[in-house]
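Shown next, in C-alpha cells, is the structure this report addresses.
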Amino acid sequence: MVTLHGFASSNYYNVVKYVLQYKEVPHEEHLIYGGTEEWLSISPVGKIPALTTERGSHLSETVVICDYLEEVYPDKPLYPSNPEARAHVRQIMKVMELYLELPSRRLISYAFSGLPAPDPVLSDVRHVLNRGIKAMRRLSDFAPHIAGAQFTLADVYVHYCNAVVQGIGSKIMDWDILAEIHGMREWNRNMRESDIARRIEADRVANEPEFHAYIARYMAENAASDK
Ligand SMILES: N[C@@H](CCC(=O)N[C@@H](CS)C(=O)NCC(=O)O)C(=O)O
Numbered sequence: 104m105v106t107l108h109g110f111a112s113s114n115y116y117n118v119v120k121y122v123l124q125y126k127e128v129p130h131e132e133h134l135i136y137g138g139t140e141e142w143l144s145i146s147p148v149g150k151i152p153a154l155t156t157e158r159g160s161h162l163s164e165t166v167v168i169c170d171y172l173e174e175v176y177p178d179k180p181l182y183p184s185n186p187e188a189r190a191h192v193r194q195i196m197k198v199m200e201l202y203l204e205l206p207s208r209r210l211i212s213y214a215f216s217g218l219p220a221p222d223p224v225l226s227d228v229r230h231v232l233n234r235g236i237k238a239m240r241r242l243s244d245f246a247p248h249i250a251g252a253q254f255t256l257a258d259v260y261v262h263y264c265n266a267v268v269q270g271i272g273s274k275i276m277d278w279d280i281l282a283e284i285h286g287m288r289e290w291n292r293n294m295r296e297s298d299i300a301r302r303i304e305a306d307r308v309a310n311e312p313e314f315h316a317y318i319a320r321y322m323a324e325n326a327a328s329d330k
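For the sequence shown, our numbering gives the first residue as 104, with consecutive numbering after it.
As C-alpha cells, then:
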C-alpha cells in the first residue's frame, strides 16, 4: 500500500489524492503539516505532498508523484498515448504552475495575516498572472476537457491549482482571474461535480479548522522568533 503524506486543505495534496482515487490505487493518508527536520527525510524541500511507495521510497513534487503513479498504475491512463498530445498536457500544467499558481501563492501570507500586500509585489504578481492568462487562453480547449477530448492529469492539476488562484490571487487582488480565460469557470464548476471531487472537497472542509489553527500557531511562533 502507498502512503500519501500531507493535509486535505493543500491543493497539491488533493491532486495526488484525486489520482490515487481515480486509478483506484490502495493507499492510506498520513496527516502531516510539515515544518520539522524529520519531515525533510521524506520531502527534502519540506513541501506537502509526499508519497511513500509500496517499496518504501519517498517521492515529492506533485507532478513527479503523479507521473510515477501513471507508470506503475497504467490502467485508467491520465496522459494521452500520442507524444505531442502528452507534451501538450504537460505544457498546460507547467504554465498553470509557473504563471498562475505560484504568483497567486506569493500572496498567501497576506491572505492569512490580513496585512496589505506591498504595491511592488502586487504589480509583479499581476504582470506574471497576465502572461499566464494569455497563455492559458491559447492552450486550453475545454472540449470538453482542458486539453481536448481526453480527461487527463491537466484537468486534475489545473482544477486544484485554480483553488489557489481563486481563493488567494483573486481574493487579494479583487480580480476574477479565472473569468479572464473563456470557458475556465464553467469547466471548473463541472470538475467539482465528480464523486471523487466531492469526497476530496468534503475532506478539505473537514480539515479547515485544524489547518487554520496550525497556520495561526505557525504565524504566532514566527512573529515571536522575529522579535
Ligand atoms: N512544487 C511543489 C509545491 C507544493 C506546495 O507548495 N505545497 C504547499 C502546501 S499546498 C506547502 O508545502 N507549503 C509549505 C511550504 O512551502 O513550506 C509540488 O508540486 O508539490
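The beta-carbon is built from N, C-alpha and C at its ideal position, and this holds for glycine as well.
Interface flag, residue i vs chain D, CB-CB below 9 Å
i: G217; result: No chain D appears in this structure, which consists of one protein chain only.
Beta carbon of residue i nearer than 9 Å to that of residue j
i: N114; j: A282; result: no
i: E173; j: P183; result: no
i: L205; j: V231; result: yes
i: I284; j: G272; result: no
i: I135; j: F110; result: yes
i: I249; j: L203; result: no
i: S112; j: N310; result: yes
i: C169; j: V122; result: yes
i: M322; j: F215; result: yes
i: V105; j: T155; result: yes
i: S354; j: V148; result: Residue 354 cannot be examined here, being either before or after the span of the chain that is shown, 104 to 330.
i: L107; j: M196; result: no
i: K126; j: G137; result: no
i: L225; j: M276; result: yes
i: Y260; j: E324; result: no
i: W290; j: S243; result: yes
i: S207; j: V268; result: yes
i: A246; j: A238; result: no
Collapsed DSSP secondary structure at residue i in the structure displayed
i: L134; result: strand
i: G149; result: coil
i: T155; result: strand
i: S163; result: strand
i: L218; result: coil
i: D258; result: helix
i: D178; result: coil
i: E141; result: helix
i: K126; result: coil
i: S113; result: coil
i: P312; result: helix
i: D277; result: coil
N-terminal and C-terminal residue of the beta strand (DSSP E) that residue i is part of
i: L107; result: V105 to G109
Where the alpha helix (DSSP H) containing residue i begins and where it ends
i: D227; result: D222 to L242
i: A282; result: From DSSP, A282 is part of no alpha helix (DSSP H); its letter is neither H nor E.
i: V192; result: P186 to M199
i: R295; result: First-last for R295: undefined, no H or E at that position.
i: P206; result: L205 to R208
Residue(s) in a DSSP beta bridge with residue i
i: G251; result: H248
beta-carbon residue i near ligand 2 non-hydrogen atom, thresh 8 Å
i: E164; result: The model depicted lacks ligand 2 and carries ligand 1 instead.
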